[in-house]
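Residue numbers (this note's numbering): 1242 to 1373.
Just so it is clear, CB atoms sit at the ideal spot from N, CA and C, and this is done for glycine as well.
None of the values given here were measured: they were computed from a predicted structure.
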């Protein structure tokens, strides 16, 4: 159970052994599960970050907004795996199409393979036309 918590909060650390023991004493005193439930294989902690990513992508996919930018986000969310789609959608700002060019502004530094780039280009062309 401690390893699962350590994976979830990797940037948190304890200063000394006494603070670890105090924390564990409080955690065990407030534990609502009995030992059989806590030791079973299906006892797990909710991954909040993954849940937020799934909610964000579901919101995009079920959006009733018919703007071209919304359509493009919907295409990207459906074309990539969830983690990659979330990374692309939160790292890029999609501009407008000007004649035969479409501008994507990077908000964060991300690494895209050539296949990823071609998928994004295909999604842009599907929404804005094949002249781009």
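Nearest-angstrom Cα separation, counted from residue j out to residue i
i	j	result
residue 1370	residue 1293	32 Å
residue 1304	residue 1272	39 Å
residue 1352	residue 1258	40 Å
residue 1361	residue 1319	11 Å
residue 1315	residue 1289	23 Å
residue 1312	residue 1346	17 Å
Residue range of the alpha helix (DSSP H) that includes residue i
i	result
residue 1324	1323-1332
residue 1342	Per DSSP, residue 1342 belongs to no alpha helix (DSSP H); it is in the beta strand (DSSP E), 1342-1347.
residue 1263	1258-1270
residue 1370	Counting along the chain, residue 1370 falls outside any alpha helix (DSSP H), and DSSP gives it neither H nor E.
residue 1298	1289-1302
residue 1305	Where residue 1305 is concerned, there is no enclosing alpha helix (DSSP H), given that its DSSP letter is neither H nor E.
Same chain only: Cβ atoms within 7 Å of residue i, ignoring 5 sequence neighbours per side
i	result
residue 1297	1327
residue 1349	1332
8 Å CB neighbourhood of residue i in its chain, flanking five on each side removed
i	result
residue 1323	1294, 1295, 1298
Closest by C-alpha distance to residue i, when choosing among the options
i	options	result
residue 1340	1366, 1312, 1358, 1256	1366
Contacts around residue i, its chain only, beta-carbon distance under 6 Å, and the 5 residues preceding and following it disregarded
i	result
residue 1372	1341
residue 1309	1368
Residue i CB to nearest heavy atom of the ligand MN below 7 Å
i	result
residue 1313	Absence of the ligand MN is noted for the structure shown, with no ligands found whatsoever.
Would you call the region 1253-1267 and the region 1300-1307 touching, i.e. three or more CB-CB distances under 8 Å? Taking 8 Å as the limit for Cβ pairs, the verdict is that the region 1300-1307 does not touch the region 1253-1267.
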